[in-house]
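So the working numbering is basically just the index in the sequence shown, starting at one, shifted up by 32.
Every residue gets a Cβ at the ideal spot worked out from N, C-alpha and C, and that includes glycine.
Predicted, not measured: the structure shown is a model, and the values here were computed from it.
Heads up, the thing below is written out as structure tokens.
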Amino acid sequence: MDLYTEGDPIADTKAPEGPIETRWDRRRFEAKLVNPANRRKMTVIVVGTGLAGGSAAATLAEQGYRVKSYCYQDSPRRAHSIAAQGGINAAKNYRNDGDSVHRLFYDTVKGGDFRSRESNVHRLAEVSVNIIDQCVAQGVPFAREYGGLLDTRSFGGAQVQRTFYARGQTGQQLLLGAYQALERQIGLGNVEMNARHEMLELIVVDGKARGIVVRDMVTGEITTEFADAVVLASGGYGNVFYLSTNAKGCNVTATWRAHRKGAYFANPCYTQIHPTCIPVSGDHQSKLTLMSESLRNDGRVWVPKAKGDTRSPKDIPEDERDYYLERIYPSFGNLVPRDIASRAAKNVCDEGRGVGPTGLGVYLDFADAINRLGRKAIEAKYGNLFEMYERITGEDPYEVPMRIYPAVHYTMGGLWVDYDLQSTIPGLFVVGEANFSDHGANRLGASALMQGLADGYFVLPNTIANYLAAGPFDKVDASHPAAVQARADVEDRIQRLLAVNGDRTVDSFHRELGQIMWEHCGMERSATGLRKAIDEIRALRDQFWQRVRVPGNGEGLNQSLEKAGRVADFFELAELMCIDALHREESCGGHFRAEHQTPDGEAERDDERFAYVAAWEFTATGEPSVLHKEDLKFEYVHPTQRSYK
């Protein structure tokens, strides 16, 4: 049976034409407005309270809309954004080192391997300048130089220092800034906060997103919630791999439920493997720990030159070490983009030169930096990261090099959105990592926080008004047939999961699915492996619905039930990821097809055939998915062979 069929092309009709420097200003002026009196009559649902969701809810409430906010954590400040470590990009050029809005735009398009939209990326670069001012005004404690100016450092994929940071806790500090803005609006009564609630379905009425079905994770109560528009800010889907740097709760259910209702899913195969992760230590692990990419500013990456060299790193002399990133990529050295660094680490380990008990690791060595700058300077920059590493591994990185290895981290794919961040379902807006719009095939370090806050504080509050200007819309309540059906679908699915009463745990299925995905749709993919993965995923999914055991019932707290619903969605997503990776007969960014590489092992794009966004339309399970292509046009950054040498 065919895996997919091709449908009509799709286009972003909201992006303005003309000079790229003025497109965002012109779109804001041309978009319709909602006057303040009418805003008070309108309700917006925001799902997720991370950087994108928290900032969006706070800003929309500040503008006067009534906001309902939902998260599955026990507090908005527990969102996974809090785990981000290294920094946030902005084209402030405080260093006077040649940075500019255009250079950030250029670096981001190039870093994404020419698979992102120019209009969106340029807007992101423009807005980045405002984000820092916003966060400083909120009291975010960015690092400062001796004279009091905000400090910056470098990140992969850039030759300038544009990354603002708060030691290794940047995500935490930025999230607390958004959280206090959100809490202010909660206190004023403008935001209704619903923690420990999970979205399980989207309600679509007359073709428009009008609400969601949620389950109270403490009581088990299922309710239907309504609004004039719905905003999804529910993060990425990296946990489809089971082992990833994501929090265990991160999942795809909110966006996948929307996909099943008609929202196209774009570029699902574009997942990011982060090069700087603590290696797997055993089968007992359920997640991985990220070490910030900022460490590559001062840490040097190396492996022994000889295969099978098991000596202590202190016993290996300089001339027997291979600082392979500095050797292969002299212009960028240890600060090459993440996809480049990850594949390079895999290559040296595949050669038999990996370090550590499993041989799947490389050294990240700070000895030179400590000798040059002194231990106190390194402690000031990275102290909490070094402490975290020592707690997890029992090794002191001030004395011996860290050991790192690539791991699944971020997803560039997500729901398709236009320039206004609206999905293919009118009234459904998607922000942050949940959408696909800004990073192409590979995200540069420190750009996730930038996109989340750009979408939430500055983009969505301007563009959602263009849709809401036609409202308020007709009132919808729980008796509406669409709402009744959506709720019934949720209840039926829960009962179906509980009724299987099999002999295998949810986690056992999730771990096996993750192994299939890592093996065949991870750092390197091939047509043979992807076809094998699709067959294995389908067989395992059938087993899941025959053998999964979900203890307890749907009334009250039941974490096994929560996980079962999420893993069921991961099965469907995993198949689409493999189909997307199989259809894309090229290598680009985080998508590396073994059949498509240059003689020296670099990614080999095919711009003539694949310079498009792959937007997938959901069809009934068992039916071929439908592919819609959005052609990408490059007027300002012309695609070239990406080189960091």
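Please state the DSSP three-state secondary structure of PRO349.
coil
CB LEU572 to CB GLU544, shorter than 8 Å?
yes
Just reading off the beta strand (DSSP E) that SER657 is part of, what are its end residues?
657-663
Only counting runs of 4 or more residues, tell me where the alpha helix (DSSP H) segments fall wholly within the region 251-323, in order along the chain.
285-292
Within this structure, are the beta carbons of VAL440 and THR308 separated by less than 8 Å?
no
Rounded to whole angstroms, how far is the Cβ of LYS339 from the Cβ of GLY384, which I believe are closer than 8 Å?
4 Å
HIS112 in three-state terms, based on DSSP
helix
Tell whether a beta-carbon distance below 8 Å holds between LYS100 and GLU215.
no
From which residue to which residue does the alpha helix (DSSP H) around HIS441 run?
Per DSSP, HIS441 belongs to no alpha helix (DSSP H); it is in the beta strand (DSSP E), 434-443.
Cutting at 6 Å between CB atoms, please list the residues of its own chain near ASP371, excluding the five before and the five after it.
ASN474, GLY621, GLY622
State the start and end residues of the unbroken alpha helix (DSSP H) segment that holds THR560.
559-579
Give me, in chain order, the residues of the same chain whose beta-carbon lies closer than 6 Å to that of ARG55; leave out the 5 immediate sequence neighbours on both sides.
PRO48, SER151
Does ASN61 pass the burial test, meaning 16 or more other C-beta atoms within 10 Å, or should it be called exposed?
Note that residue 61 corresponds to Phe in the displayed sequence, not to Asn. Its Cβ having fewer than 16 others within 10 Å, PHE61 is exposed.
Can you give the Cα-Cα distance for GLN578 and TYR274, rounded to whole angstroms?
21 Å
With H, G and I counted as helix, E and B as strand and the rest as coil, what does DSSP make of HIS512?
coil
What are the boundary residues of the alpha helix (DSSP H) that includes HIS154?
150-170
Once DSSP output is grouped into helix, strand and coil, what is the label at CYS381?
helix
Contacting residues, own chain, Cβ-Cβ under 6 Å from ILE42 (five flanking each side not counted)
ALA647, HIS660, GLU662
Here's the rule: buried if 16 or more other CB atoms are within 10 angstroms of the residue's CB, otherwise exposed. What is LYS408?
exposed
Between the C-alpha atoms of CYS282 and ALA626, what's the straight-line distance to the nearest angstrom?
29 Å
Report back the beta-carbon spacing between VAL133 and ALA111 to the nearest angstrom; my notes put them in contact at under 8 Å.
That belief does not hold up - the Cβ atoms of VAL133 and ALA111 are roughly 29 Å apart, past 8 Å.
Close Cβ partners of GLN629 (< 8 Å) along its chain, the five nearest in sequence each way excluded:
SER619, ALA635, GLU636
Report the rounded CA-to-CA distance for LEU83 versus LEU481, giving the unit in angstroms.
7 Å
Can you list the beta strand (DSSP E) stretches of 3 or more residues lying completely in the region 514-560, in chain order?
none
Decide yes or no for the touch test of the region 416-433 against the region 318-330: beta carbon pairs closer than 8 Å, at least 3 of them.
yes
Own chain partners of GLU556 with C-beta closer than 7 Å, once the 5 adjacent residues on each side are dropped:
PHE624, ALA626
Which term fits ASN67, buried or exposed, when burial requires 16 or more other beta carbons within 10 angstroms of its beta carbon?
exposed
My understanding is that TYR102 touches VAL246, with C-beta atoms under 8 Å, so please give their C-beta distance in whole angstroms.
6 Å
Please state whether the Cβ-Cβ distance between VAL79 and ILE244 is less than 8 Å.
yes
Spatial neighbours of SER592 within its chain, please: CB distance less than 7 Å, with the 5 preceding and 5 following residues excluded, ordered by chain position.
VAL538, VAL582, PRO583, GLY584
Quick one: measure Cβ to Cβ for HIS291 and LEU447, integer angstroms, because I've assumed they're closer than 8 Å.
7 Å
Please report the straight-line C-alpha distance between SER374 and PRO438, rounded to a whole angstrom.
5 Å
Could you please give me the residues that DSSP links to PHE461 through a beta bridge?
VAL263, GLN454
C-beta atoms of ILE120 and ILE163 nearer than 8 Å
yes
Enumerate in chain order the residues of its own chain whose CB-to-CB distance from ALA213 is below 6 Å, with the five nearest sequence positions on each side excluded.
ALA90
Test item: CB-CB of VAL335 and ASP347 under 8 Å:
no
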